[in-house]
Amino acid sequence: MDKSMLGDLDNLPEADKIRMSGMIDQLQIRDSLRMYNSLVERCFSDCVDSFKHKKLQKQEETCVQRCAEKFLKHSMRVGMRFAELNQGAATQD
Amino acid sequence: MDKSMLGDLDNLPEADKIRMSGMIDQLQIRDSLRMYNSLVERCFSDCVDSFKHKKLQKQEETCVQRCAEKFLKHSMRVGMRFAELNQGAATQD
Amino acid sequence: MDKSMLGDLDNLPEADKIRMSGMIDQLQIRDSLRMYNSLVERCFSDCVDSFKHKKLQKQEETCVQRCAEKFLKHSMRVGMRFAELNQGAATQD
Amino acid sequence: MAASNAGPSALEKEQIFGMAEKEMEYRVELFNKLTSTCFNKCVEKKYKESELNMGENSCIDRCVSKYWQVNNLVGQLLGTGRPPM
Amino acid sequence: MAASNAGPSALEKEQIFGMAEKEMEYRVELFNKLTSTCFNKCVEKKYKESELNMGENSCIDRCVSKYWQVNNLVGQLLGTGRPPM
Amino acid sequence: MAASNAGPSALEKEQIFGMAEKEMEYRVELFNKLTSTCFNKCVEKKYKESELNMGENSCIDRCVSKYWQVNNLVGQLLGTGRPPM
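Protein chains in written order, with our numbering: chain A, 666 to 758; chain B, 666 to 758; chain C, 666 to 758; chain D, 6 to 90; chain E, 6 to 90; chain F, 6 to 90.
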């Protein structure tokens with residue numbers, strides 16, 4: 666998620682800006698690690714259904730790769746649309 | 666969720682009471698925002714299934730409204746029953 | 666989840682060790698309470714489907730007990746395998 | 006974070022507050038899971054009206070009651086004798 | 006936690022920062038739920054290729070738009086007039 | 006929050022602790038998702054007994070192994086070369 670969408674820091678005093686910025690950084694780290702976990706869970710659930718082998722099979726690997734790529738592209742597209750709507754809402758205020 | 670169900674502050678020193686009360690406030694804000702997000706997700710998932718249009722259709726809107734109202738009424742009823750059980754458990758101690 | 670899997674504190678100065686250790690304790694408390702909630706939700710969802718009575722029926726009770734035991738055994742087994750893989754990954758570094 | 010002249014030390018106090026916070030989070034989560042689960046089990050999802058009907062209401066009451074019993078039962082099984090409340 | 010000579014008190018400041026933090030968490034969660042829900046509604050799960058096709062892309066755009074409208078609609082229903090943003 | 010005479014500054018220290026906390030949260034969440042997903046994939050839900058049978062046990066072992074491999078694979082795809090551990 667784009668940092669700018671989390672808040673506008675321009676009008677804050679310097680000390681608060683630093684603190685707020687640190688808070689945003691922490692939220693972003695947490696969010697990206699959670700996103701990583703969700704992506705793994707989703708692609709595993711969608712692609713791996715047989716447990717006859719201990720090793721990931723070739724077609725499972727391909728499926729996971731496509732799933733991850735597709736999800737990331739999806740996520741970027743949603744981010745763009747979401748930012749547009751946010752923009753529109755902000756200018757209405 | 667009712668604030669009183671989160672804890673009994675009566676026997677605490679004043680400074681701790683203020684701190685605990687602030688903590689409860691923060692938890693409640695977080696909880697109500699999460700509840701809001703869950704409600705939107707639930708009613709969207711249950712009511713919107715066609716993506717031929719960009720705009721929400723009239724019957725989807727009606728569905729979302731009923732879904733949200735129903736969920737809120739449900740949530741209030743659960744809250745009452747939950748409080749009764751909590752009460753019963755507390756008096757048993 | 667085993668505490669040792671969360672981090673290696675040996676090389677830290679004493680004050681940091683205490684702080685880090687406290688952080689791990691807090692995370693573990695939160696995790697075990699969440700695990701408890703998930704277990705209850707899972708076993709309730711899998712075992713209770715009839716709402717003709719207010720009281721839990723005998724066969725529902727048995728089902729919940731087996732579900733909880735099975736999940737805990739499962740969780741312990743996963744923990745062992747997970748630790749082995751973590752170990753292997755650590756020695757590769 | 007102020008020093009306390011008597012009673013628990015600053016560190017102990019942090020732990021007490023931390024524990025209280027986790028317990029409150031636990032209660033909120035219990036309530037939310039219960040609410041969501043009982044909605045799924047009891048409420049008709051076609052949303053033909055915005056009222057809960059009699060059948061739904063009685064299902065909800067029993068669902069909450071049974072969820073509570075399952076919560077206690079699991080608490081007993083885990084050897085604590087009671088759920089973490 | 007430093008004292009502030011003018012403006013809001015230390016306690017008020019904590020509340021303001023706490024509120025800002027919750028609001029940011031809310032936005033992140035809204036975005037994540039929206040992303041996950043629209044993926045489930047729009048994207049083919051057999052993963053025959055790694056590109057989103059035209060149908061999926063247009064479904065995603067409309068899904069985001071409708072999710073946004075539902076978010077606003079629920080905000081109105083809850084009497085705040087607008088969603089918590 | 007105590008001042009440190011040598012080594013990292015107070016601010017840097019906060020960041021290091023914050024990062025360590027997020028990493029631990031990540032590991033806990035990874036473990037919980039893995040546990041839940043493999044339970045869903047491998048364990049029979051009629052609960053006719055409280056023991057895991059041989060088939061379930063072997064399924065669990067392979068499920069954990071494959072989940073781990075998927076975790077590494079996604080880490081590679083995201084260009085970090087390894088998952089965030």
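The beta-carbon is built from N, C-alpha and C at its ideal position, and this holds for glycine as well. Bear in mind the structure is a predicted one, so any value in this text is a computation, not a measurement.
Just to confirm before moving on: does the CB-CB distance between residue i and residue j stay below 8 Å?
| i | j | result |
| --- | --- | --- |
| A/LEU677 | A/MET688 | no |
| A/VAL729 | F/VAL75 | yes |
| A/PHE709 | F/TYR72 | yes |
| A/GLU706 | F/THR40 | no |
| B/LYS735 | D/TYR52 | yes |
| A/MET691 | F/GLY80 | Checking the displayed sequence, the identity of residue 691 of chain A turns out to be Gln instead of Met. Cβ atoms of A/GLN691 and F/GLY80: not closer than 8 Å. |
| C/LYS682 | C/LEU671 | no |
I'd like to know whether the C-beta of residue i is nearer than 8 Å to at least one C-beta of chain C.
| i | result |
| --- | --- |
| D/GLU30 | yes |
| D/SER14 | no |
| D/GLN74 | yes |
| F/ALA8 | In this prediction, F/ALA8 scores a pLDDT of 43, lower than 50, which makes its location untrustworthy; the coordinate-derived value is nonetheless stated afterwards. Chain C contact via Cβ: absent. |
With 8 Å as the threshold, decide whether the Cβ of residue i is near any Cβ in chain B.
| i | result |
| --- | --- |
| D/ASN58 | no |
| E/LYS38 | yes |
| E/GLY84 | no |
| D/LYS19 | Position check: residue 19 of chain D holds Glu in this sequence, whereas Lys was assumed. Answer no: the Cβ-Cβ gap between D/GLU19 and chain B never drops below 8 Å. |
| E/VAL79 | yes |
Examine chain F for any beta-carbon lying closer than 8 Å to the beta-carbon of residue i, and answer yes or no.
| i | result |
| --- | --- |
| C/ILE689 | yes |
| A/LEU750 | no |
| A/ASN676 | no |
| C/HIS739 | yes |
Should residue i be flagged as near chain E, meaning a C-beta pair shorter than 8 Å?
| i | result |
| --- | --- |
| A/VAL705 | no |
| B/PHE747 | no |
| B/GLN730 | yes |
| A/PHE736 | yes |
| B/GLU680 | Here residue 680 of chain B is Ala; the residue named in the question, Glu, does not match the sequence. No, no contact with chain E. |
| A/LEU692 | yes |
| A/LEU721 | no |
Spatial neighbours of residue i within its chain, please: C-beta separation below 6 Å, excluding the five flanking residues on both sides.
| i | result |
| --- | --- |
| D/VAL48 | GLU61 |
| F/LYS46 | CYS68 |
| B/LEU750 | none |
| D/CYS64 | CYS47 |
| A/LEU698 | none |
Near residue i, which residues of its chain fall below 8 Å by C-beta distance, leaving aside the five closest residues on each side in sequence?
| i | result |
| --- | --- |
| F/ILE21 | PRO13 |
| A/CYS712 | GLU725, CYS728, VAL729, CYS732 |
| B/LEU721 | VAL713, VAL729 |
| C/ALA754 | none |
| F/LEU1 | The displayed coordinates of chain F run from 6 to 90. Any statement about residue 1 of chain F would go beyond what the structure contains. |
| C/GLU679 | none |
Using a Cβ-Cβ distance under 8 Å, would residue i count as near chain A?
| i | result |
| --- | --- |
| F/GLU49 | no |
| E/VAL33 | yes |
| F/TYR52 | no |
So, does the CB of residue i fall closer than 8 Å to a CB anywhere in chain D?
| i | result |
| --- | --- |
| B/ASP714 | no |
| C/SER686 | no |
| C/ALA754 | no |
Could you work out which residues of chain I lie near residue i, taking near to mean beta carbons separated by less than 8 Å?
| i | result |
| --- | --- |
| D/LYS27 | Annotation note: the requested chain I is absent from the structure, which comprises protein chains A, B, C, D, E and F. |
At a cut-off of 7 Å, would you count residue i as near the ligand SAH, judging by its Cβ distance to the nearest heavy atom?
| i | result |
| --- | --- |
| F/GLU61 | Among the components modelled here there is no ligand, and therefore nothing to report on the ligand SAH. |
Open item on the list: Counting beta carbon pairs with one atom in the stretch 57 to 67 of chain D and one in the stretch 25 to 40 of chain D, are three or more of them shorter than 8 Å?
Closed with: no
Open item on the list: Beta carbons nearer than 7 Å to chain C: which residues of the stretch 59 to 70 of chain D have them?
Closed with: CYS64, ARG67, CYS68, SER70
Task: Meets three-Cβ-pair contact criterion under 8 Å: the stretch 696 to 708 of chain C and the stretch 33 to 46 of chain D - done: yes
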